[in-house]
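Chains as they are written, first to last, in the numbering used here: chain X, 1 to 170; chain E, 1001 to 1170. Below is one structure; the comments refer to it alone.
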DNA sequence: GGGATATGTTAGTTTTGGGTAACAAAGAAA
DNA sequence: TTTCTTTGTTACCCAAAACTAACATATCCC
C-alpha cells in the first residue's frame, strides 16, 4: 500500500467545525486568524493551533506560522458541504417546524455532522416543495399544522368530515 | 462545594448508547449481559466493563461483578427518553420523508443524541399531525411531495393552475 | 528603534472512550 | 471432581481534543 500522508478518512465533527469557522471568517472578515477561530468556536488558542496542524496535514488548509489561515480547494469543498447541511437544517427547523431560531441554529450545528446524504436530499426536497408552493406563503396544510400544534385541533378538512372523533392528539 | 459523587452532568452520547442497548436487551432477551452489549454496540468487552463502571458511578445502572446488568429507575428514564427520540426520528424519516429504513435507523442513532427538546416536541407534533390525518393514509399534500421528489413536478394545485400539465421532464 | 500589548506556538496534562493481553470466574463436559 | 470453553475483569496503552503555563512573534505607539 502506498503511504498516504494526507489521509482520506472521514473528518471528525470537531474538524468539520473548524473548517466551517474558517469559511465563515473568510467570508465575513476577509481573513481567518487563530484568535477569531478561537472566539467563534469558544476554545482556547492552543486548541486551534492543534486543530490547524491536523487540518494542514490532511491538505484541507494552508497555514504558515503566525500567519493567516486559508482553505485549500479541498477544504472549501468540505466546508461548503457542511454549511449547506447547516443552512438546510436551519431552514427546515425554522420555516417548517417553526422552531425558535436560536435553538434551530444550535441544533443545526450539531446535526449537520450526523445527517446522511440521503436524508439531506430528502429534506432539501421537502423544503423546496414547501417553499415553491404556488400559493406563495406557507401552504395551507402547513398552516393546519401550526394550528394543530398550538391548539391540538386540526383545521376543518375538506375531505368528508363525518362524525368526527375529535380527541385532539393522543 | 458539596461533594457529589453521582454527577448530574449531561451524559455523553456514548453513555446514552450503552443505556439504550441495555434497555433493548432487557426487553428483547430478558436480561443484559456484557457480551451482548458488546455485540450490539460493536465494541470490545473491556470497553463495556469500563462504561458500566461509569454508569454505575452515576447511579444509572446496577451491576455486580460477573452478573447481569440492570437499569435503575433513573437509568430507565434516560434510556426511555433516548428511545423516544430514536423512534420519533425513525418515524419521521421513513413515514414522512420516505428515507430508506436502514439509513433512517442509522441517522436516528446519531441524531437522537443531538436533538433539542423543542425540536423534539415540534417534530413529534408534526408526525402526529400527519398520522392522524382524517383521510386515513398519507395526506394529499404529502403525496404531492412524493411526486415532487420523484418527478420534480408538483401536482396540480387546486388554486389556479394556468394551463401546463405537460412533460414529466425534471 | 525599543518597549508594551496582542497574538500564536510549544510543551505537557487531562478526560473520554476505545483497544490488547492476560488473568479470573462460571458453566458445561468428562 | 477435573478440565475445557465461554464470559467478564484487570491492567495497561493509544488517540482525539480540550486545557494551562510559559515562551515566541508581531504590532503598535512613543
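By construction, the Cβ of each residue, glycine as well, lies at the ideal position given by its N, Cα and C atoms.
Between the alpha carbons of residue 151 of chain X and residue 50 of chain X lies a distance of about 51 Å. By the criterion of at least three beta-carbon pairs nearer than 8 Å, the region 107-119 of chain X is not in contact with the region 1125-1132 of chain E.
In the three-state reduction of the DSSP assignment, residue 115 of chain X falls in the coil class. Taking the C-beta atoms as reference points, residue 1038 of chain E is found nearer than 8 Å to residue 1045 of chain E. Burial of residue 1122 of chain E is indicated by the presence of at least 16 other C-beta atoms within 10 angstroms of its C-beta. Among the CB atoms of chain E, none fall inside 8 Å of the CB of residue 88 of chain X. Contact between the region 14-27 of chain X and the region 79-93 of chain X is established, with three or more Cβ pairs separated by less than 8 Å. Residue 1066 of chain E counts as exposed, since fewer than 16 other C-beta atoms from the protein chains shown sit within 10 angstroms of its C-beta. Only residues of its own chain outside the window of five on either side were considered, and among them 45 have a CB closer than 8 Å to the CB of residue 35 of chain X, listed in chain order. For the region 1102-1129 of chain E, the beta-carbon criterion of a distance under 8 Å to any beta-carbon of chain X is satisfied by 1103, 1104, 1106, 1107, 1110, 1111, 1114, 1115, 1116, 1118, 1119, 1122, 1123, 1125, 1126, 1128, 1129.
Residue range 1013-1029 is occupied by the alpha helix (DSSP H) that includes residue 1022 of chain E. Taking the CA atoms as reference points, residue 18 of chain X sits about 14 Å from residue 57 of chain X. Check the Cα spacing between residue 1063 of chain E and each of E/1015, E/1033, E/1074: the tightest is with E/1033.
A direct Cα-Cα distance of roughly 37 Å separates residue 1117 of chain E from residue 73 of chain X. E/1099 is the residue among E/1053, E/1099, E/1105, E/1103 whose C-alpha sits nearest the C-alpha of residue 1146 of chain E.
Taking the C-beta atoms as reference points, residue 1083 of chain E is found no nearer than 8 Å to residue 1120 of chain E.
Interface criterion met: the Cβ of residue 99 of chain X is under 8 Å from a Cβ in chain E. Residue burial is scored here from C-beta neighbours: residue 107 of chain X has at least 16 other C-beta atoms within 10 angstroms and is therefore classed as buried.
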